[in-house]
Amino acid sequence: MPFPNIDPIIFEIGPFALRWYALAYMVGLFGGWRYMVLLTERRALWPQGTPATRAHIDDLLLWVTLGVIVGGRVGYVLFYNAPYYLDNPAAALAVWQGGMAFHGGALGVILAAIYFARKHAIPLLSLGDMVAITVPLGLLLGRLANFINGELWGRVTEAPWGVVFPDAGPLPRHPSQLYEAALEGALLLIALNILAWRFKAFGKPGLLTGLFLIGYGTSRFLVEMVREPDAHIGFIFNFITMGQILSLPMILAGAGFVYWANKQK
Numbered sequence: 145m146p147f148p149n150i151d152p153i154i155f156e157i158g159p160f161a162l163r164w165y166a167l168a169y170m171v172g173l174f175g176g177w178r179y180m181v182l183l184t185e186r187r188a189l190w191p192q193g194t195p196a197t198r199a200h201i202d203d204l205l206l207w208v209t210l211g212v213i214v215g216g217r218v219g220y221v222l223f224y225n226a227p228y229y230l231d232n233p234a235a236a237l238a239v240w241q242g243g244m245a246f247h248g249g250a251l252g253v254i255l256a257a258i259y260f261a262r263k264h265a266i267p268l269l270s271l272g273d274m275v276a277i278t279v280p281l282g283l284l285l286g287r288l289a290n291f292i293n294g295e296l297w298g299r300v301t302e303a304p305w306g307v308v309f310p311d312a313g314p315l316p317r318h319p320s321q322l323y324e325a326a327l328e329g330a331l332l333l334i335a336l337n338i339l340a341w342r343f344k345a346f347g348k349p350g351l352l353t354g355l356f357l358i359g360y361g362t363s364r365f366l367v368e369m370v371r372e373p374d375a376h377i378g379f380i381f382n383f384i385t386m387g388q389i390l391s392l393p394m395i396l397a398g399a400g401f402v403y404w405a406n407k408q409k
């Protein structure tokens, strides 16, 4: 299957260029903010009371944005290319050149949420649930942007839906970006929202946070089986990828959150 030739740049005005990847970040963050505002207005979803006000959500947007960008970049530098950035420390600041890691971004958001919750005396687990239910939207858009950019492709395949990516050689490969968009994006978004709206999952603080961590970690671990490992890292111990290693603690932490949430009365 030929790669759809979509320009990664939507439009340019002088030195300014708007890319699909940047748009995915902006829409994901703005959409997540608007959705959290909606959640705070639906008091029936919160048996223990709405954990945050509209003003809180407005302020939280800044901290989440910083957590995503700073955490995502630091995670990429440390987890995926530390030797290069040790030799070229100034390059670590060149975010516009690409290089973000979701696991680092997730850790950045967690730290930002902990600080924000303590500062404003907001129940941390309930705040985490609000954030967790919105994150899959950003993941869905981000993975679609990865596909448009023709990056993070999968391994060579004979499947009829294999895609010949421009910079990945002549053989068709798994469109692993679309697999991730479907699993950790669309499917996880639908599942968490059904639990929140139909089964009142906000009544068990920490449950949605735990299920998100399990859902993302499992999806990423499975897709890594057909995703091409980073060329400068390859397989660790000859059988596992960095993405899989980083996903395992997420799954375990998620299981802990789910256990804790179900144990509470």
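The sequence shown begins at 145 in the working numbering and counts up one residue at a time.
C-beta atoms are modelled at their ideal positions from N, C-alpha and C, and glycine is treated no differently.
Just the C-alpha distance for residue i and residue j, rounded to the nearest angstrom, thanks.
i, j, result
"residue 239", "residue 408", "42 Å"
"residue 344", "residue 388", "31 Å"
"residue 162", "residue 383", "38 Å"
"residue 292", "residue 309", "10 Å"
"residue 200", "residue 314", "51 Å"
"residue 377", "residue 165", "24 Å"
"residue 156", "residue 290", "19 Å"
"residue 362", "residue 395", "7 Å"
"residue 379", "residue 294", "22 Å"
"residue 400", "residue 393", "11 Å"
"residue 195", "residue 364", "30 Å"
"residue 360", "residue 159", "37 Å"
"residue 213", "residue 247", "12 Å"
"residue 272", "residue 346", "10 Å"
"residue 299", "residue 226", "24 Å"
"residue 229", "residue 406", "43 Å"
"residue 339", "residue 265", "26 Å"
"residue 267", "residue 175", "23 Å"
"residue 312", "residue 147", "11 Å"
"residue 151", "residue 368", "26 Å"
"residue 191", "residue 149", "49 Å"
Using CA atoms only, rank isn't needed, just tell me which of the options is closest to residue i.
i, options, result
"residue 336", "319, 320 and 354", "354"
"residue 189", "341, 352 and 375", "341"
"residue 318", "366, 399, 402 and 400", "366"
"residue 168", "154, 333 and 404", "154"
"residue 145", "316, 356 and 383", "316"
"residue 243", "378, 181, 392 and 218", "218"
"residue 178", "213, 290, 164 and 197", "197"
"residue 250", "273, 215 and 229", "215"
"residue 183", "274, 375, 334 and 170", "274"
Suppose contacts are defined by Cβ-Cβ distances below 8 Å. Is residue i in contact with residue j by that definition?
i, j, result
"residue 193", "residue 253", "no"
"residue 224", "residue 386", "yes"
"residue 356", "residue 245", "no"
"residue 320", "residue 279", "no"
"residue 181", "residue 256", "no"
"residue 332", "residue 402", "no"
For residue i and residue j, which I take to be in contact (beta-carbon distance under 8 Å), what is that distance rounded to the nearest angstrom?
i, j, result
"residue 237", "residue 349", "Residue 237 to residue 349, Cβ: 37 Å. No contact."
"residue 185", "residue 297", "Contact flag wrong, Cβ pair sits at about 41 Å."
"residue 282", "residue 173", "7 Å"
"residue 358", "residue 329", "Actually they are not in contact, since the Cβ atoms of residue 358 and residue 329 sit about 15 Å apart, beyond 8 Å."
Does the contact criterion of 3 or more C-beta pairs under 8 Å hold for the stretch 222-234 versus the stretch 302-316? no
Counting Cβ pairs, one atom from each stretch, are 3 or more of them under 8 Å apart for the stretch 319-328 and the stretch 284-294? yes
Inter-stretch contact (C-beta, 8 Å, three-pair minimum) for the stretch 198-208 and the stretch 258-276
yes
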